[in-house]
Amino acid sequence: MALKFDMSKAYGHVKWVFLKRMMIIIWFLEDWINQAMRCISSVSFSYIFNGDVYGNFKHTRGLKQGDPLSPYLFIICAEGLLSVINTVVSNGGIFGCKCSKAGPIVSHLMFADDSLIFSEAISDNCTNI
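By UniProt numbering, the letter at position 102 of the sequence shown is numbered 102, and the numbering carries on one by one without gaps.
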């Protein structure tokens with residue numbers, strides 16, 4: 001069994017509290033954490049309607065696509081998902097698959113904005129996933 005997670009739309013759903021906690025867990029320096037949080041929380045938006053500019057909106061979650069810092073911050077968030085997957089695999093909750101007799105057991109692959117989880121198609125593995 002293979003499951004694919006498309007994380008390309010996850011940029012707009014990243015909670016800043018989660019991002020900050022992940023940076024603390026990974027042992028980022030407090031100054032760097034504060035600077036990164038200032039960069040993402042100080043962004044504001046406005047819109048143009050019939051040539052007139054309206055509003056000044058601040059958002060409370062998400063990472064701005066196109067911002068040079070966003071991919072790095074998203075990788076930090078993906079580390080949280082990777083940690084959960086590794087914990088489930090090490091506790092025997094998911095058994096990966098072998099591609100050949102002598103090959104390694106592969107339980108998951110992570111790409112830029114996609115993740116794949118491989119497991120035997122049995123009910124216990126489905127429940128654990």
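Every residue gets a Cβ at the ideal spot worked out from N, C-alpha and C, and that includes glycine.
Which value, in whole angstroms, describes the spacing of the CA atoms of residue i and residue j?
i, j, result
"W32", "S100", "45 Å"
"I75", "K58", "23 Å"
"N56", "F49", "14 Å"
"M37", "G103", "43 Å"
"S83", "I26", "11 Å"
"G92", "Y47", "50 Å"
"N128", "M1", "13 Å"
"S41", "N34", "10 Å"
"K98", "D124", "19 Å"
"E79", "M110", "10 Å"
I'd like to know whether the C-beta atoms of residue i and residue j end up nearer to each other than 8 Å.
i, j, result
"I94", "L3", "no"
"I108", "I85", "According to the sequence as given, residue 108 is His; it is not Ile. Cβ atoms of H108 and I85: closer than 8 Å."
"D114", "F28", "no"
"C39", "L69", "yes"
"V17", "C77", "no"
Which word fits residue i, buried or exposed, when buried means at least 16 other C-beta atoms lie within 10 angstroms of its C-beta?
i, result
"M22", "buried"
"L19", "buried"
"S90", "exposed"
"I24", "exposed"
"L73", "buried"
"V53", "exposed"
Is residue i near the ligand SAM, with its Cβ less than 7 Å from a heavy atom?
i, result
"I94", "In terms of ligand content, the structure shown is empty, and the ligand SAM therefore cannot be addressed."
Residues in its own chain within less than 8 Å of residue i by CB, not counting five upstream and five downstream?
i, result
"G96", "V89, I105, V106, S107, H108, F118 and S119"
For residue i, which residues of its own chain have a beta-carbon under 7 Å away from its beta-carbon, when the five flanking residues on both sides are left out?
i, result
"D67", "none"
Under the DSSP definition of a beta bridge, which residues are partnered with residue i?
i, result
"A2", "F118"
"Y54", "Y47"
Between residue i and the rest of its own chain, which residues show a CB-CB distance below 6 Å, the 5 nearest in sequence each way excluded?
i, result
"M7", "D113"
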